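Engineer:
There are 2 protein chains.
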Amino acid sequence: MITLELLGKEWGESVRDWTFRTILYNLVNLVLPPGSAVSENDVAAALGTSRTPVREAFIRLAQDGLLVVYPQKGTYVSLVDEHRVEEGRYMRLCLEMHTMELACEIRTPEDLVALETNLRLQRLAVDEKKPSRFFCLDEDFHRLVFAACGKERIWEAIRKMSSHFDRVRMLSLHATDWEKIIAQHHFLLEVISTRNHWKAREAVSEHLTKVNYDLGKLRREYPSYFRTTQGR
Amino acid sequence: MITLELLGKEWGESVRDWTFRTILYNLVNLVLPPGSAVSENDVAAALGTSRTPVREAFIRLAQDGLLVVYPQKGTYVSLVDEHRVEEGRYMRLCLEMHTMELACEIRTPEDLVALETNLRLQRLAVDEKKPSRFFCLDEDFHRLVFAACGKERIWEAIRKMSSHFDRVRMLSLHATDWEKIIAQHHFLLEVISTRNHWKAREAVSEHLTKVNYDLGKLRREYPSYFRTTQGR
DNA sequence: TTTTGACGACTTGTATCCTAGTATTCAAAG
DNA sequence: CTTTGAATACTAGGATACAAGTCGTCAAAA
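Take a look at the structure:
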């Protein structure tokens, strides 16, 4: 028997989507730790649904690399793969550098308002010490930049590739320097606001390269969560 | 009743994966034209399976934007969305420019051999006038570049974003100038081979910006296949 | 003690059944 | 002729039943 954190069901949301959201939440929040076994039956029981929505959610999660399904044997939460973490970061770096430049050119005053509003909320979240709230706003900030360029699907693609990194981020939650992140966000906003596009790449690069700093430490602290990386 | 082109079932492949591959094939090859209705029951009957694998394939295809599911009403093949086509091209441009530079630095002699072999096969496919074979090899060429950088997942992400573009390419099959594409591939190989990384961006850009040239014509020729784009 | 094989308790894969929502048809009422 | 509403024939959503493969247990045989 397993227990899961249940999310609220939004209006008009299908059971399948709710199931997916809920399992995803439990995966990135490490309620279901990497390496643990998850059977469709158990999860269905824990969620109070039948196997069908769970199974369909499992398929999506396996696509995104968070679950590994061994037919007729079982399903397991994937171990954090450092190579995947890096690949996600690289993908995001490439796309966000270009898109930040693009945003400098085509952003509207409305886009600036949205970003400024978001930054104010980030400040609040930090002052009120609500890390998960801050994480959502952080995501939203970057999503807004892509949205300003009409590239929201690309942001979604980045999100899907970031699931392994998200779990790392969850592990190093306490070590996060929120003030530094907020400062970088302010810099990004300034770049976009002043259309200072020759600083865009540098700003994004700085924001996204501070990642790997304590990955080794985490690996030593939670060795069972990481995949044994046998070269390339 | 509908009829589909059936693909061969590979060894050890689950019915679900085969179902997915088959439906995808029929979608990008326009056997199931944009806008047409596809019911889970009909497709299951045409494929000789039960609804379950079809349903699970539909979910993936809906995720990738090739199907649109209206709950309790029906499922339809999505209309080609020019904005999506452009977004896919943009994503690929960003990622491939960087990755081509990276490939210049870290490619091994083995990578070169693989690319050269591929180009020889491309030449054969063109001489034997096998367009679908050539398309596969074209895909493979670019996949090999990403693979040389250890970024095969990024290529997969690009593929998923390219489904709308793939259908456009299928429409303009006859208008394709294969020789030009092959020449560009040879240039890309030369860039990688000689580690001429300052020409990498230019080479990729040239290869990927010749896309929209006859999109307007196709739109006029097959108006029912395209989504009415209400500005942005 | 070691080996072997039957059995049972799992797992996911696939098929089927039931439910509920929607569109259409068509007849009856205005 | 127009409008309304019930019946019907779809649709996908979800639950359940069954099939088939895998693993561990445990007893029997060597």
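Protein chains in written order, with the numbering used here: chain A, 1120 to 1351; chain B, 1120 to 1351. Glycine included, every Cβ here is placed at the ideal spot set by N, Cα and C. Since we're looking at a predicted model, the values are computed, not measured.
1) Check for me: the beta strand (DSSP E) holding threonine 1194(B) runs from which residue to which?
2) Considering only residues of the same chain and omitting the five flanking positions on each side of valine 1116(A), which have a CB-CB separation below 6 Å?
3) Can you find the residues in the same chain that come closer than 6 Å, C-beta to C-beta, to glutamine 1303(B), ignoring five residues on each side of it along the sequence?
4) Find the residues of chain B that neighbour cysteine 1213(A), judging by a C-beta separation of less than 7 Å, and give them in chain order.
5) So for leucine 1126(A), helix, strand or coil by DSSP?
6) If leucine 1185(B) and serine 1282(B) are in contact, beta carbons under 8 Å, what's the gap, nearest whole angstrom?
7) Report the neighbours of glutamine 1182(B) on chain A: residues whose CB is nearer than 9 Å to its CB, in chain order.
8) Are the Cβ atoms of alanine 1294(A) and methionine 1216(A) separated by less than 8 Å?
9) Looking only at C-alpha atoms, which of Lys1299(B), Ile1121(B), Val1204(B) sits nearest to isoleucine 1142(B)?
10) Tell me whether leucine 1149(A) sits in a helix, a strand or coil according to DSSP, three-state version.
11) If you compare alpha carbons, which of Leu1151(A), Val1150(A), Phe1177(A), Pro1152(A) is closest to glutamate 1159(A)?
12) Can you tell me which of the three DSSP states tyrosine 1189(A) falls into?
13) Quick check on glycine 1350(A): does DSSP put it in helix, strand or coil?
14) List, in chain order, every chain A residue whose beta-carbon is nearer than 7 Å to that of tyrosine 1189(B).
15) How about phenylalanine 1276(A): is its C-beta nearer than 8 Å to some C-beta of chain B?
16) My parser needs the beta strand (DSSP E) runs of 3 or more residues fully inside the stretch 1163-1241 of chain A; what are they?
17) At least one CB of chain A closer than 8 Å to the CB of glutamate 1206(B): is that the case?
18) Does the distance between the C-beta of leucine 1166(A) and the nearest non-hydrogen atom of the ligand SAM fall short of 7 Å?
19) Comparing the C-beta of arginine 1351(A) with each C-beta of chain B, is any distance below 8 Å?
20) DSSP has phenylalanine 1345(B) in a bridge; who is on the other side?
21) State whether the stretch 1330-1347 of chain B contacts the stretch 1146-1161 of chain B, with contact taken as three or more CB pairs (one from each stretch) at a distance under 8 Å.
22) Is there a Cβ of chain A sitting closer than 8 Å to that of isoleucine 1300(B), yes or no?
23) Strictly under 8 Å for the Cβ-Cβ distance: is lysine 1192(A) near chain B by that measure?
24) When you compare only the Cα positions, how much space is there between leucine 1263(B) and isoleucine 1301(B)?
25) Only counting the same chain, and skipping five residues up and downstream in sequence, which positions put a Cβ closer than 7 Å to that of arginine 1179(A)?
26) Please compile the residues from chain B whose C-beta is within a distance smaller than 7 Å of the C-beta of serine 1158(A).
27) Starting from the C-beta of arginine 1170(A), find all residues in its chain whose C-beta is less than 6 Å away, skip the five residues before and the five after it, and write them out in chain order.
28) For tryptophan 1137(B), which residues in the same chain have their Cβ closer than 6 Å to its Cβ, ignoring the five residues on either side in sequence?
29) Who are the neighbours of lysine 1270(B) on chain A, taking C-beta pairs under 9 Å?
30) Work out the CA separation of isoleucine 1277(A) and aspartate 1259(A) for me, nearest whole Å.
31) Closest Cβ-Cβ distance between glutamate 1175(A) and chain B: below 8 Å?
32) What's the gap between the Cα of cysteine 1268(A) and the Cα of valine 1157(A)?
33) Among the candidates Val1173(B), Leu1126(B), Arg1208(B), whose CA atom is the shortest distance from the CA of methionine 1280(B)?
34) For leucine 1256(B), which of Val1173(B), Ala1244(B), Leu1308(B), Thr1328(B) has the nearest alpha-carbon?
35) Return the CA-CA distance between methionine 1289(B) and serine 1324(B), expressed in angstroms with no decimal places.
36) Quick one: Cα of arginine 1351(A) to Cα of serine 1133(B), how far?
Structural biologist: Quick look at the numbers:
1) First-last of the beta strand (DSSP E) with threonine 1194(B): 1193-1196.
2) This structure leaves residue 1116(A) out entirely; chain A is present only between 1120 and 1351.
3) When the five nearest sequence neighbours on each side are left out, the beta carbons in the same chain lying within less than 6 Å of the beta carbon of glutamine 1303(B) are those of His1326, in order along the chain.
4) For cysteine 1213(A), the chain B residues whose Cβ falls inside 7 Å of its Cβ are Cys1213, Leu1214, His1217, in order along the chain.
5) Here leucine 1126(A) sits in coil by DSSP.
6) That pair is a contact at about 5 Å.
7) Residues of chain A passing the Cβ test: Arg1179, Gln1182.
8) No, these two residues do not count as a Cβ contact at 8 Å.
9) The candidate whose alpha carbon is nearest that of isoleucine 1142(B) is Ile1121(B).
10) Coil.
11) From the listed residues Leu1151(A), Val1150(A), Phe1177(A), Pro1152(A), the smallest Cα separation to glutamate 1159(A) is found for Phe1177(A).
12) Here tyrosine 1189(A) carries a strand assignment [DSSP, helix/strand/coil].
13) Only weak support exists for where glycine 1350(A) lies, its pLDDT of 46 falling under 50; the coordinates are left without a value.
14) Within chain A, no C-beta atom comes nearer than 7 Å to that of tyrosine 1189(B); the closest sits roughly 12 Å away.
15) One detail in the question is off: residue 1276(A) reads as alanine in this sequence, not phenylalanine. Yes, alanine 1276(A) lies at the interface with chain B (some Cβ there is under 8 Å from its Cβ).
16) With a minimum length of 3 residues, the continuous beta strand (DSSP E) runs that stay inside the stretch 1163-1241 of chain A are 1186-1189, 1193-1196.
17) Judged by the 8 Å Cβ criterion, glutamate 1206(B) is in contact with chain A.
18) The ligand SAM is not part of the structure shown, which contains no ligands of any sort.
19) Caution applies to arginine 1351(A), whose pLDDT of 40 falls short of 50 and renders its modelled position unreliable; the value that the coordinates give is listed next. Yes, arginine 1351(A) counts as interfacial toward chain B.
20) Looking at the DSSP assignment, phenylalanine 1345(B) forms a beta bridge with Val1199(B).
21) Between the stretch 1330-1347 of chain B and the stretch 1146-1161 of chain B there are three or more C-beta pairs closer than 8 Å, enough to call the two in contact.
22) Taking Cβ atoms only, chain A never reaches closer than 8 Å to isoleucine 1300(B), which makes this a no.
23) With 8 Å as the cut-off, lysine 1192(A) does not count as an interface residue toward chain B.
24) If you take the alpha carbons of leucine 1263(B) and isoleucine 1301(B), they lie about 15 Å apart.
25) Hits under 7 Å: Phe1139.
26) Neighbours of serine 1158(A) in chain B, taken as residues whose beta carbon is under 7 Å from its own, are absent, since the nearest beta carbon is some 18 Å off.
27) Answer for arginine 1170(A): Glu1159, Ala1163, listed in chain order.
28) By the criterion of a C-beta distance shorter than 6 Å, tryptophan 1137(B) is surrounded in its chain by Lys1128, once the five residues flanking it on both sides are discounted.
29) Residues of chain A passing the Cβ test: Glu1206, Tyr1209, Met1210.
30) Their Cα atoms are separated by approximately 13 Å.
31) Output row for glutamate 1175(A): interface = yes.
32) So the alpha carbons of these two residues sit roughly 39 Å apart.
33) Nearest to methionine 1280(B) by C-alpha distance, out of Val1173(B), Leu1126(B), Arg1208(B), is Arg1208(B).
34) Ranking Val1173(B), Ala1244(B), Leu1308(B), Thr1328(B) by Cα distance to leucine 1256(B) puts Ala1244(B) first.
35) Taking the straight line joining both Cα atoms gives about 22 Å.
36) The predicted position of arginine 1351(A) is uncertain, since its pLDDT is 40 and thus under 50; a value taken from the coordinates is nonetheless stated next. Rounded to the nearest angstrom, the two C-alpha atoms are 28 Å apart.
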